[in-house]
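Protein chains in written order, with this note's numbering: chain D, 22 to 339; chain E, 22 to 339; chain H, 36 to 376; chain X, 36 to 376.
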Amino acid sequence: MKPRKTAVPQTSARRRRRADAPSVVAGAPPVEAVAEVRRNTALSADAFLLDLMVDMPAALPGQFVMLGLPDGAAPLLRRPFSVMGHDPSRKSLEIHYSARGAGTRVLSELRPGHKLGLLGPLGRHFPQAAEVARRPADLEGGLAPLSVLVAGGRGTAPLIFFAERARRSVGGSSGPVLFLAGARTAAQLVLLDRIHATEVFVSTDDGSAGKKDTVIGLLKSLDGQPDFALGAAGRETRRRPGAVLYGCGPAGMLRELHSYAESRGLPCFVSLEARMACGLGVCQGCAVRLTGSRYALVCKEGPVFESCLVDWAQYEGA
Amino acid sequence: MKPRKTAVPQTSARRRRRADAPSVVAGAPPVEAVAEVRRNTALSADAFLLDLMVDMPAALPGQFVMLGLPDGAAPLLRRPFSVMGHDPSRKSLEIHYSARGAGTRVLSELRPGHKLGLLGPLGRHFPQAAEVARRPADLEGGLAPLSVLVAGGRGTAPLIFFAERARRSVGGSSGPVLFLAGARTAAQLVLLDRIHATEVFVSTDDGSAGKKDTVIGLLKSLDGQPDFALGAAGRETRRRPGAVLYGCGPAGMLRELHSYAESRGLPCFVSLEARMACGLGVCQGCAVRLTGSRYALVCKEGPVFESCLVDWAQYEGA
Amino acid sequence: MSRQRRESTTPAQGRRGSRGRPARSVSAGAGGARLPDLSVRIAGLRLSTPVLLASGVAGYGEEMGEVVDLNRVGAIVTKTLTPEERAGNPPPRLFETPAGLMNNIGLANVGLEGFLAEVLPQLKRHRTRIVVSVGGFSLRDYEKVLASVDAAGGAHAFEINVSCPNVRAGGIHFGCSASRAARVVRALRPLTALPLLVKLTPNVTDIGSVAAACVSEGADGLTVANTYTALAVDLRTRRPRLGGVTGGLSGPAVKPLSLAKVWEVTSRVKAPVIACGGISTAEDALEYIVVGATAVQVGTACFRSFKTPELIVNGIIAYMKENSLSSLQELRGTMTLAPAE
Amino acid sequence: MSRQRRESTTPAQGRRGSRGRPARSVSAGAGGARLPDLSVRIAGLRLSTPVLLASGVAGYGEEMGEVVDLNRVGAIVTKTLTPEERAGNPPPRLFETPAGLMNNIGLANVGLEGFLAEVLPQLKRHRTRIVVSVGGFSLRDYEKVLASVDAAGGAHAFEINVSCPNVRAGGIHFGCSASRAARVVRALRPLTALPLLVKLTPNVTDIGSVAAACVSEGADGLTVANTYTALAVDLRTRRPRLGGVTGGLSGPAVKPLSLAKVWEVTSRVKAPVIACGGISTAEDALEYIVVGATAVQVGTACFRSFKTPELIVNGIIAYMKENSLSSLQELRGTMTLAPAE
Ligand SMILES: Cc1cc2nc3c(=O)[nH]c(=O)nc-3n(C[C@H](O)[C@H](O)[C@H](O)COP(=O)(O)OP(=O)(O)OC[C@H]3O[C@@H](n4cnc5c(N)ncnc54)[C@H](O)[C@@H]3O)c2cc1C
Ligand SMILES: Cc1cc2nc3c(=O)[nH]c(=O)nc-3n(C[C@H](O)[C@H](O)[C@H](O)COP(=O)(O)OP(=O)(O)OC[C@H]3O[C@@H](n4cnc5c(N)ncnc54)[C@H](O)[C@@H]3O)c2cc1C
Ligand SMILES: Cc1cc2nc3c(=O)[nH]c(=O)nc-3n(C[C@H](O)[C@H](O)[C@H](O)COP(=O)(O)O)c2cc1C
Ligand SMILES: Cc1cc2nc3c(=O)[nH]c(=O)nc-3n(C[C@H](O)[C@H](O)[C@H](O)COP(=O)(O)O)c2cc1C
Ligand code: FES
Ligand code: FES
C-alpha cells in the first residue's frame, strides 16, 4: 500500500516560500546569539552532552542549531546539531554530539565558560502525530495516533526532545509514544535514562543490550502485536487512528525505515543530514534529492521530511 | 671607540658552514620530540610559564626550541621560544611566553597532559664572558669579565637561563653577573624571583617598580660606578678584563644597547628575532641583514649575534 | 551617459528622498563625536558603507532580515540570475577545506521569470542597495537577463558574473580570456544606464588584461574575484567530494591570493574595484582598500556569523578614528613598497 | 635515448649495486607480512617510495640527517640552483596565513660553483636519490646549471623550475606560457640523459597546455605545482608583509587548488606527474595518486614536523594493506566521477 501524502506540505523551495504556514515552520525566526558552555559531559569515549546557556527563541523537536567553533580552532563553518532539549526560561539548550571529526573534537575540549556563536532555532520540526492524521475524522474519538520513534546511534537526541514534548503536551492530545533505540553496542546507548516514552525498546548489533538486531529488525519484531497500522498500542483496547513513524539515524537505517513504512502504509517522518554552510536556506548548499528529480534544502525545508518524498537511491547522509 | 671583533666567529652562511666550531655551536644536534605539558602557569594577564616534559639534548642559554601547536588549532607553523631553563635529567624544559597572537593564545589554553611537537635545541648560545675575552692575557689574573645582562619585556627568559648557568659554572670561571630587567610596568616584571645574579636592577617606564626609565636609561645610570669598560664591578677592587653586554628584548631596545656598547667600546651579544619556518637553517626564511649587505639566518647563525655585525637600520624584529 | 545622469536615474535616489532618510552616514552606535564618512562611490552609485554581501551567500536577502542589519551593508549582491530557473548541481554541494570552503551549487536560482514576479517586488521594499548578479551560458542569456531586470526597475547596479567555475560551458568561459570578456561587456553596456560591474575569475594567468579589456568596453567597475577552481576526493569511494566534481574555493585560505589579484587589477586600471575573497575581519577589508579597492564583499565569512559584515563596518570606523581618517579615500591605494624595493 | 638506457646510466644504479642494498622495498618496521611495493618509476628512475622532499624546504639535505630518516623519502629535491650565488630577497621572507605560508626567499642559494665544490660531494654520500632543481633568469642560465651538474655526476634527475614567483624576470616568466616553457625544455633536453622534470606554476589559465608543451619537447615528467602568487599587507606600516612584496603561497590552504591542477594535467598528458601542494598526511598524498599522480612532494608540512614524509609513507603502507593493494599502480588515476555526472 502506497502511503498517501499527508497534511504536512512538502514542496519545492520556491513554492514553499510562498505557502509557508506558521503552524508548520517554527514560529520564531532564528537569531544569532552567544552560547556559553555550562557543562560538557563525556557520556562515553566519543559521546558528549553539551549544556549551553543561550538566549534563543523556543525550539521545537526536530529543529537544530548551527554552532560556531572558537576562533583559535581550525574548522571554519558552523556545525549543525539537533536540539535535544530546550528550556528558554532557563536559557538552557542541550545538544548531544559524537566527536567524529575536527570540529566535534574541538567541541569535546570545551570547558564551562567557553563561548560559542550560535544560530537557531532552524529548520522544520517533527509534526505531532495528531497533526499527521489522514482524515480529521480520525481524531474525533479523541484518540491521538500512536507515535513510533526509531532512533539509530546519535539520532536519539531529537527524538528524546520529541518524546518529552509529546508527554508534556496539554490535554493528552498526543497518543502513546513507543521509543526504539538502536546502537552498535551497549556502551553507545548513552541516553537511555533521558528517554521518557510510553514504552522504550532497545536493540544492539552485538546483543550486549536489548534485542540483538538492528533497530529496524526490532521495529519489525514489535509490529506483530501492537498492530501499528491499526494503532493498537499493546495495552490499549480501543482502536486508534493508526501509527506515525519518526526516524533519525544513519542513511541506511532511514532508507530501511522508509521501505518498512511504505510496505505498511504508514506515514513516516525522518530527519536528514547534509553538509551545511548558512543554515538559513540562502546558500543552496544543503540540497538533497527528492523524488521527481527535485532538490530540497535540508536546513530550510528539512531537516524533517516525509520519507515518501525523499529519493532514497540518492541519499547518502552528510 | 669601535669594538673589535671578538673571538666568537660570525660569518656568512656559507663560510660558517665550513668553519663550524663545535665549541661555538651547541654540541648536540637537535631532535624532534613530543613535549607534554606539566604546568602552564599564568603569571599575569598575558605572561605564562610553560613547564614541559621532554627528552631533548641539553640546551645552552640563548638557544631556543620550535613548539608545534595541537592539530585542532589554526596556526600552521611551529613557534620559536627561548629556553628559560632546561634540566635534561628531569626532562624538564621551561619556556616563558606572552600570549600576543593566535599561536600563543592557543598555548595559553593548554592544560597538563596536552602534548606538543618540539624541535630543539636550536641555534647558537650566548658565549660566556670568559670566552669573549679580547686578549687571553686578560684572563691570566684568574678574573673573568663582568657580565651585564640587559633584558627588556619578555626578553628576560634566555638571560635568566644565562645567569643561572653563570652562577653554577665550575670553579668560578664566570665573573660577576649584573642583571638589568626593564618592563613597561611593575605587573609585567613577572620573573624577578627567578633571576639569580650578583646584582639585579629594575626599571619600569611608569616608575611603578625600580627606576622610572627604560632599561637602557637604567644601564647608563649604572655605568658611572662600576665602570663597565674597566670592569670594576662596584665592590670589586681588583681590575677586571672589561665587561661584556648581553641583550634580549624589543628591536628598539637592542638597537640602543648596541649604540651604547659601541660608544663604550664593549663587546655586546644580542638575541634577535625573525619569523621562522624550519628552525634548522634549511628554508632561508629567517634572514636578517648584517653589515656589508650580507644576510644571516637567525635560526642557525643566531639567534645570538655580536651586535656590531647587525645592520641595525634594517632590523625590525619579527 | 554621464555619471551625473546615471546617479540621478538610480531608483535609490527616489526612495531615499521620499523617506527623507539620509543614506550617507552610518552610525557606529553611541557617542557624539563626528563619525568618519564611510560612504563610497562606484561609478554613479553611492553606497552608505563599503561592505557588501557577496553573490550567493545571501540569496535575495529575504531570509536575512532577522540576523543581518541590512542597513549596515552597502549593498546586497543577489544570487546569480540566469534566464531559466535552475535546480543546481547534484549534492554534495559543499566541502570544507583548511580555512576554506569548496562549493559547487551550479547556479541554482529562481530564473528570470520567478525573479521578476516574486523576488524583485520584495527587494524593492528593502532599504539596501541591490546589485543584481547576471549569469548565463551565452551572450544572449546575459543580454536577456540584464535587459529584463533593467526594464523592470529596482536594481541599483549589475554585476556580470563571467566567472562561475561550476557550470560547464558557461560563466567562467567568458571570464578566462580578455577578448571574450570584452565581448560580453560590449554587448551589455548599451542595454543599461545603471553601473555595470564585471566579476572576474582569478583562475587566469593575467587578470590585469581581462580587467583592462572590460574597462575599455565601458565596465564601470570590477569585482575581484570569484572562487578558485578546486578538487577534493573521498578516498573511501574514490569519487570527488562534490557532486559537480570540482568546486570553487573561497574563505580565508584564498585571501592572500585575491589580495594579489586586486593589486594586479588596481595597478592596471583606474576603474573602481570591489574586492572579494576571504574577508572576515575589518583588517582584511582594510588591507584590500590599502591595496586599492574601493569597496569589499563578504561571502564565506557570513557562514561563521551573519554579523560579520556589521562587525567589519564597526572595525573600519574604529580604524578610521584611530588613524584620524575622515574618508576611505585617504586610505585607498596607499600601500608603499618597502624602501629595500 | 631509451628509458632502458637512461635507467642504467643513473649513478644510483652503480651505487646501489656496489653496496648490495636493494633500494626497492621500504620496511614498515616490525611485522612479517609481505609489504606492499611502494616503489615508483619516474621515467627511468626508480624511487623506493613515492614521497619526496620538495625543493626549498630541505636545503641540500645536510642539516636534515638528524631529524629525517632520508631512507624513507624517495628523493630530495634540492633548493633551486642558479649559476651565481644568491643572497636572496630582503626580509621578512615568511608570512603565515590561514592554513598557509607565504614565502619570498628569492632563490637564495649557493650558486653553481659552491654547489659543485661543496654540496654535491656531500650529496653523493647520501643514500637517497637526488633531484637537482635548476633555476635561472635566462635560457643560458638554465643550460649552464644543468650541463655543469650533469657533467659533475651525482644527480639522479633534474627538476626545471620555471615557476618561482619570487624573482622578477626569472622563473615564472618561462612557466606562464606554453611556448616559453617549451623553449626551455627544447634547450635542455639534449644536455642530459637523466630524467628531466619540469616544475609548473599553477598561476596560469590553462596548466594542461603548458604541461603538454613540455612533454612534447621531451620532458619526462611534471611537478605540479609550485606556489601561488599572494600578497599580505601590514596595516600599521601600509607596507607589504614580505620584503619582496608578493610571495608564494603553500601549505594546506592550496591543496584543493593543486589537486585540481594535477587533475587537469593528468587528464591531458600521459607523462608521470609528481604532485606538490599542501600535502600533510597520507590521505592528502593518496588523493593526489587517485587523481593520477605517480609520486608526491612534501614541502610546508615539514615545518610542522620533519617526520611528516615518514608518517606519510607509513600511512600509505597502512592504506595499501587495508585495501589489499600490492602496488600504487593499482590506485593511480582511479578516481571515478559520481554516477550523477
Ligand atoms: C540537521 C542536522 C542535525 C545534526 N544533529 C547532530 C546531533 O545532534 N549530534 C551529532 O553528533 N551530530 C549531528 N549532526 C551531524 C554533525 O553536524 C556532524 O557530525 C558534524 O558537523 C561533524 O563535524 P566535524 O568537524 O566533527 O566532522 P568533519 O571532520 O568536518 O566531518 C565529519 C563528517 O561530518 C559531516 N559534516 C561535516 N561538516 C558538516 C556540516 N557543515 N554540515 C553537516 N554535516 C557535516 C560530514 O558527513 C563529514 O563526513 C547533525 C547534522 C545535521 C545536518
Ligand atoms: C629565537 C626566538 C626566540 C623567541 N623567544 C620567545 C620567548 O622566549 N617568549 C616569547 O613569548 N616569545 C618568544 N619569541 C617570539 C615568539 O616566537 C612569537 O611571539 C610567537 O611566534 C608569536 O606567535 P603568535 O601565533 O602568538 O603570534 P602571531 O599572531 O603569529 O604573530 C604575532 C607576532 O609574532 C611574531 N611571529 C609570528 N610567527 C613567528 C615565527 N614563526 N617566528 C618568529 N616570530 C613569529 C611576529 O612578529 C608576529 O607579528 C621568540 C622568537 C624567536 C625568533
Ligand atoms: C555557497 C556559495 C555560493 C556562491 N554563489 C555565487 C554566485 O551565484 N555568483 C557569484 O558571482 N559568486 C558566487 N559565489 C562566490 C562569492 O560571491 C565570492 O566571490 C567568493 O565566495 C569569494 O569570497 P569569500 O571568500 O568572501 O567567500 C558563491 C560562493 C559561495 C561560498
Ligand atoms: C620556504 C620555501 C622555499 C621554497 N623554495 C623553492 C625553490 O627554491 N624552488 C622550488 O621549485 N620551489 C620552492 N618552494 C616551493 C615548494 O617546493 C613547493 O612547491 C610548494 O611549497 C608547495 O608545496 P607545499 O604546499 O607542500 O609546501 C619553496 C617553498 C617554501 C615554503
Ligand atoms: S545550508 Fe545554506 S541553504 Fe542550507
Ligand atoms: S627558519 Fe628556516 S632557515 Fe631559519
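All C-beta atoms, glycine included, are put in the ideal place defined by N, C-alpha and C.
In this text the structure is predicted, and so the values were computed from the model without any measurement.
When burial is assigned at 16 or more other CB atoms within 10 Å of the CB, is S293/H buried or exposed? The residue in question, S293/H, is buried, as its Cβ has 16 or more Cβ neighbours within 10 Å.
According to the neighbour-count rule (16 or more other Cβ atoms, all chains shown, within 10 Å of its Cβ), is N261/X buried or exposed? In this structure N261/X is buried. Its beta-carbon is surrounded by 16 or more other beta-carbon atoms within 10 angstroms.
I think F183/D touches F147/D, with their Cβ atoms under 8 Å apart; what is that distance to the nearest whole Å? Their Cβ separation, rounded to whole angstroms, is 5 Å, which keeps F183/D and F147/D in contact under 8 Å.
DSSP-derived helix/strand/coil call for A349/X: According to the sequence displayed, residue 349/X carries Asn and not Ala. Helix.
8 Å Cβ cut-off: residues of chain D touching E101/H: Going along chain D in sequence order, the residues near E101/H (Cβ under 8 Å) are P50, P51 and V52.
How about R126/D: is its C-beta nearer than 8 Å to some C-beta of chain E? Yes, its Cβ sits closer than 8 Å to a Cβ of chain E.
With a floor of 3 residues, list each beta strand (DSSP E) that falls wholly inside the region 296 to 374 of chain H, ordered by position along the chain. Listed in chain order, they are 308 to 311 and 330 to 333.
Count the C-beta pairs between the region 283 to 303 of chain H and the region 133 to 140 of chain H that are closer than 8 Å, then say yes if the count reaches three, no if not. Taking 8 Å as the limit for Cβ pairs, the verdict is that the region 133 to 140 of chain H does touch the region 283 to 303 of chain H.
Can you tell me whether S173/H is buried or exposed? The criterion is at least 16 other CB atoms within 10 Å of its CB, across all chains shown. It counts as exposed.
So does the region 318 to 333 of chain X actually touch the region 83 to 100 of chain X, counting three or more Cβ pairs closer than 8 Å? With the cut-off at 8 Å, the region 318 to 333 of chain X and the region 83 to 100 of chain X touch.
Taking 8 Å as the CB-CB limit, is G64/H close to chain X? Per-residue confidence for G64/H stands at a pLDDT of 44, beneath the threshold of 50, marking its modelled position as unreliable; no derived number is given.
So if I measure from each beta-carbon to every heavy atom of ligand 4 and keep distances below 6 Å, which residues remain? Taking each Cβ in turn, the ones that pass are A298/E, C304/E, G306/E, A89/X, S90/X, G91/X, V92/X, K114/X, T115/X, L136/X, N138/X, I140/X, L142/X, S168/X, N196/X, C199/X, K234/X, N261/X, T262/X, S285/X, G286/X, V289/X, C311/X, G312/X, G313/X, I314/X, V333/X, G334/X, T335/X and A336/X.
Is F85/D near ligand 1, judged by its Cβ being under 7 Å from some heavy atom? F85/D: yes, Cβ under 7 Å from ligand 1.
The beta strand (DSSP E) that contains K136/E, what's its start and end? Unbroken beta strand (DSSP E) run through K136/E: K136 to L143.
With respect to 7 Å, is the separation between the Cβ of L270/H and the closest non-hydrogen atom of ligand 6 below this value? It does not: the Cβ of L270/H is nowhere closer than 7 Å to a heavy atom of ligand 6.
Within the chosen definition, does the region 59 to 70 of chain E reach the region 92 to 102 of chain E through at least 3 CB pairs nearer than 8 Å? No, because fewer than three Cβ pairs between the region 59 to 70 of chain E and the region 92 to 102 of chain E fall closer than 8 Å, the two stretches do not touch.
Whole beta strand (DSSP E) elements within the region 164 to 236 of chain E, 3-residue minimum: Within the region 164 to 236 of chain E, the runs of beta strand (DSSP E) that reach at least 3 residues and sit entirely inside it are, in chain order, 167 to 173, 198 to 204 and 220 to 225.
Report, in whole angstroms, the separation of the C-beta atoms of L131/D and V75/D, which I expect to be a contact under 8 Å. For a cut-off of 8 Å, the C-beta gap from L131/D to V75/D is around 14 Å, too long to register as a contact.
For ligand 5, is there a heavy atom less than 7 Å away from the beta-carbon of V319/D? Flag set: Cβ of V319/D near ligand 5.
A94/E: contacting residues in chain D (beta-carbon distance under 8 Å): Chain D residues near A94/E: G93, A94 and A95.
Any chance the region 166 to 179 of chain E sits against the region 200 to 207 of chain E, with 3 or more Cβ pairs inside 8 Å? With the cut-off at 8 Å, the region 166 to 179 of chain E and the region 200 to 207 of chain E touch.
Chain-ordered chain H contacts of G306/D [CB-CB under 8 Å]: By Cβ distance, chain H contributes R128, L129, N138 and I140.
Are the CB atoms of P324/E and E101/X within a distance shorter than 8 Å? Going by C-beta atoms, E101/X is not nearer than 8 Å to P324/E.
Indicate, with yes or no, if ligand 6 has a heavy atom lying under 7 Å from the CB of G302/E. In this structure, ligand 6 has a non-hydrogen atom nearer than 7 Å to the beta-carbon of G302/E.
With 16 other Cβ atoms within 10 Å as the buried cut-off, status of Q332/H: Buried: at least 16 other Cβ atoms inside 10 Å.
Beta carbon of S190/E, beta carbon of V265/E: below 8 Å? In this structure, S190/E sits away from V265/E, with a CB-CB distance that is not shorter than 8 Å.
If you reduce the DSSP assignment to three classes, tell me which class R215/H lands in. Of the three classes helix, strand and coil, the one that applies to R215/H here is helix, per DSSP.
Identify the continuous alpha helix (DSSP H) that holds I242/H and give its terminal residues. It spans I242 to S251 - the alpha helix (DSSP H) in which I242/H sits, taken as one unbroken run.
Considering only C-alpha positions, which residue in the set G196/E, V309/E and L240/E is nearest to T219/E? When the alpha-carbon of T219/E is set against those of G196/E, V309/E and L240/E, the nearest one is in G196/E.
What residues in the region 210 to 223 of chain H have a beta carbon less than 9 Å from any beta carbon of chain X? Within the region 210 to 223 of chain H, contact with chain X at the beta-carbon level (separation under 9 Å) is assigned to C211 and S212.
Less than 8 Å separating the beta-carbons of T316/H and V308/H? Going by C-beta atoms, T316/H is not nearer than 8 Å to V308/H.
Secondary structure of D332/E, DSSP reduced to three states: When secondary structure is reduced to three states using DSSP, D332/E falls in the coil class, being assigned neither helix nor strand.
contact_flag[the region 327 to 336 of chain E, the region 287 to 305 of chain E] where n(CB pairs < 8 Å) is 3 or more: Taking 8 Å as the limit for Cβ pairs, the verdict is that the region 287 to 305 of chain E does touch the region 327 to 336 of chain E.
Find the nearest neighbour of C320/E within the set W333/E, R310/E and L301/E, judged by alpha-carbon distance. That would be L301/E, whose Cα lies nearest to the Cα of C320/E.
Applying the 10 Å Cβ sphere with the 16-neighbour rule, what's the burial state of A186/X? A186/X is classed as exposed because its beta carbon has fewer than 16 other beta carbons within 10 Å across all chains shown.
Own chain, CB closer than 7 Å to D214/E, minus 5 neighbours either side, in chain order: Taking D214/E as the centre and dropping the five residues before and after it, the same chain places no C-beta closer than 7 Å to its C-beta.
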